[in-house]
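Since the structure comes first, as structure tokens, the remarks are kept for the end.
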Amino acid sequence: MLELKKEKKVEYLELIYDLIFVFIIGRNNSLLHHVDNGYVTQGNFLAYVLCTLAVIQIWNFTTFYINIYGRNGVRDHVFLFINMYLLYHMAVGISVGWESAFYHFNIAWMLILVNIAVQHLIELRNQKDAPWETMQLKRKAAILFTEAALVGVHILVFTFTGVSIAYVPIVFGIVATILSGNLNRMVPVDFAHLSERAMLYVVFTFGEMIISLSSYFTGEITVSEIYFSTMGFLIVVGLLLSYGILYNRIIDRETITNGTGYMMIHVFMIFALNNISVALEFMRDGEVNLFQKTVLLVGSMVLYFTFMFLTEKYAKRKCAFTRKSVLLLCVLGLSFVALMLLFREMMYVNIVITVLYVYAIFFILFVQGRKAETTL
0 MLELKKEKKV
10 EYLELIYDLI
20 FVFIIGRNNS
30 LLHHVDNGYV
40 TQGNFLAYVL
50 CTLAVIQIWN
60 FTTFYINIYG
70 RNGVRDHVFL
80 FINMYLLYHM
90 AVGISVGWES
100 AFYHFNIAWM
110 LILVNIAVQH
120 LIELRNQKDA
130 PWETMQLKRK
140 AAILFTEAAL
150 VGVHILVFTF
160 TGVSIAYVPI
170 VFGIVATILS
180 GNLNRMVPVD
190 FAHLSERAML
200 YVVFTFGEMI
210 ISLSSYFTGE
220 ITVSEIYFST
230 MGFLIVVGLL
240 LSYGILYNRI
250 IDRETITNGT
260 GYMMIHVFMI
270 FALNNISVAL
280 EFMRDGEVNL
290 FQKTVLLVGS
300 MVLYFTFMFL
310 TEKYAKRKCA
320 FTRKSVLLLC
330 VLGLSFVALM
340 LLFREMMYVN
350 IVITVLYVYA
360 IFFILFVQGR
370 KAETTL
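When the letters of the sequence shown are read in order and numbered with numbering that gives the first Met the number 0, they come out as residues 0 to 375.
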């Protein structure tokens, strides 16, 4: 029978650790701020995607370890500080001319994976009488060492050929994590702690979005400036409120789960939020191609809300979505895509369509959240 652990609190150092990722988010988003003839170059966009996923994956691995095995002791603190130091090196490697800082980023990335893997091996001595925990620790260590080795191969391939295969270790890490779900099921996480850590990362990502929104408030005070700044502010507030309803009212924080699915969902939600931050800045940038920035905003919004609603598996029973709700969400999503593409050359219409879509989703979530407050 599975033993339920005492609820774990998010510790002070975990919050400090997460703040490093705020800095990296800002560095990473800057990759898309350089355009060539109105377009973000393919190389910069791919670098942005891969850097984002690599960094979120590191956070994901660390969070899982702390959630299940962390004791807030000296050893945990030392390993976290090592990661924080190496993350600074990764941040330095995130730049438009990333080729010149290639080794900074990738060697630090490889060492962080090794660092987390070593933590798992050291923890084995504390789990001698726990067979499932022992198996999980060995499996996670193997995944981390293998991904680190693939990063090493990526470094060698780039050194001798100039070709980047950074996607290989990232895809391996994602697939291996998903496939290890059956084993992880035997070692449930402290879901209250895990969901809080995921929420805090989302909040930090919103922080970067709030900073991005400041570009709407520059220049002279005109009707256009007030209109776009108001619409942009409403979009950010709507996104914030939507996640707030999801976390505070809909998610059942007492769920017994291995947490793998929930964290993978948040990997893509955080990725989508990063894209939305950049897309909102692009809306006020006349140098960026209209079609490209419209596609980025539309794709990011749809991706964010799609993965948000995939968290229904972890919702309170009374807050589960009906087929009617799902159908309504699909109709809203398709209508949003069609209208945004139709009015892509009219940004003042585009932005109000986005506001209406965000608040339509918020209203649906609000109604679902109210169900949690009603009595059976």
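Note that beta-carbon positions come from the ideal geometry of N, C-alpha and C, so glycine has one too.
Residues of its chain near residue i, where Cβ-Cβ distance is below 7 Å and the 5 sequence neighbours each way are ignored
i, result
"Ser-94", "Ala-100"
"Ile-269", "Ile-55, Tyr-200, Val-201 and Thr-204"
"Val-294", "none"
"Leu-79", "Leu-12 and Tyr-16"
"Val-156", "Val-162 and Ile-164"
"Leu-1", "Low confidence applies here, because Leu-1 scores a pLDDT of 45, under 50, leaving its location unreliable and the question unanswered by this model."
"Ser-324", "Ile-363"
"Ile-19", "Met-83 and Leu-86"
"Leu-309", "Ile-264"
"Thr-160", "none"
"Asn-43", "Leu-30, Leu-31, His-33 and Val-95"
"Val-21", "Phe-203, Gly-206 and Glu-207"
"Val-287", "Val-34, Gly-37 and Phe-281"
"Ala-359", "Leu-331"
"Glu-224", "Gly-218"
"Gly-69", "Asp-75"
"Thr-51", "Asn-27, Phe-270 and Asn-273"
"Lys-370", "Lys-317 and Cys-318"
"Lys-292", "Ala-278, Phe-281 and Met-282"
Short Cβ contact (8 Å threshold) for residue i with residue j
i, j, result
"Leu-49", "Ile-169", "yes"
"Arg-322", "Leu-289", "no"
"Leu-296", "Met-307", "no"
"Leu-364", "Ile-220", "no"
"Ser-211", "Glu-132", "no"
"Tyr-226", "Tyr-347", "yes"
"Met-300", "Ile-177", "no"
"Tyr-47", "Asn-27", "yes"
"Ala-197", "Tyr-102", "no"
"Asp-189", "Asn-66", "yes"
"Phe-60", "Ile-115", "yes"
"Val-354", "Ile-234", "yes"
"Ser-241", "Phe-63", "no"
"Glu-195", "Val-9", "yes"
"Ile-142", "Ala-175", "yes"
"Leu-85", "Ala-53", "no"
"Lys-315", "His-192", "no"
"Cys-318", "Gly-285", "no"
"His-119", "Ala-140", "yes"
For residue j and residue i, believed in contact at Cβ under 8 Å, the rounded distance
i, j, result
"Ser-179", "Arg-138", "6 Å"
"Val-150", "Leu-112", "7 Å"
"Tyr-215", "Ser-228", "4 Å"
Own chain residues within Cβ distance below 6 Å of residue i, not counting five before or after
i, result
"Ile-350", "Met-230"
"Ala-147", "Met-109, Leu-112 and Val-113"
"Ile-57", "Ile-111"
"Phe-320", "Glu-311"
"Phe-144", "Ala-116"
"Leu-3", "Per-residue confidence for Leu-3 stands at a pLDDT of 49, beneath the threshold of 50, marking its modelled position as unreliable; no derived number is given."
"Pro-130", "none"
"Val-277", "Asn-28 and Leu-31"
"Leu-45", "none"
Close beta carbons around residue i, own chain, < 8 Å, minus the five adjacent residues each side
i, result
"Leu-238", "Phe-205, Met-208, Leu-272, Ile-275, Tyr-303 and Val-357"
"Tyr-166", "Leu-49"
"Thr-374", "With a pLDDT of 45 at Thr-374, under the threshold of 50, the modelled position of this residue cannot be trusted; read the value that follows with caution. Nothing listed; no residue qualifies."
"Ile-121", "Arg-74"
"Asn-71", "Glu-10 and Leu-12"
"Ile-352", "Phe-335, Leu-338, Met-339 and Phe-342"
"Leu-327", "Ile-363"
"Leu-14", "Leu-199"
"Phe-382", "Shown here, the chain extends from 0 to 375; a query on residue 382 therefore has no answer."
"Lys-127", "Thr-133"
For this session: At 4 residues or longer, and completely inside the segment 0 to 45: list those alpha helix (DSSP H) runs for me, N to C.
Result: Scanning the segment 0 to 45 for uninterrupted alpha helix (DSSP H) segments of 4 residues or longer gives 11 to 28, listed from N- to C-terminal end.
Exercise. Are the segment 238 to 256 and the segment 33 to 48 touching by the rule of at least three beta carbon pairs closer than 8 Å?
Worked result: The answer is no - the segment 33 to 48 does not touch the segment 238 to 256, with fewer than three Cβ pairs under 8 Å.
Exercise. Quick one: complete alpha helix (DSSP H) runs, 4+ long, within the segment 80 to 145?
Worked result: Here the runs fully enclosed are 101 to 122.
Exercise. Taking contact to mean at least 3 C-beta pairs separated by less than 8 Å, is the segment 322 to 332 in contact with the segment 260 to 269?
Worked result: As far as the Cβ criterion goes, the segment 322 to 332 does not touch the segment 260 to 269, which means the pair count is below three.
Exercise. At what residue ranges does the segment 249 to 275 contain a whole run of the alpha helix (DSSP H), taking only runs of 4 or more?
Worked result: Runs of the alpha helix (DSSP H) spanning 4 or more residues and lying entirely within the segment 249 to 275 do not occur at all.
For this session: Scan the segment 268 to 332 and note each continuous alpha helix (DSSP H) run of 4 residues or more that stays entirely inside, going in chain order.
Result: Listed in chain order, they are 289 to 308.
For this session: Could I get the ranges of all uninterrupted alpha helix (DSSP H) runs contained in the segment 174 to 198, with 4 residues as the minimum, in chain order?
Result: Segments of the alpha helix (DSSP H) lying fully in the segment 174 to 198: 180 to 183.
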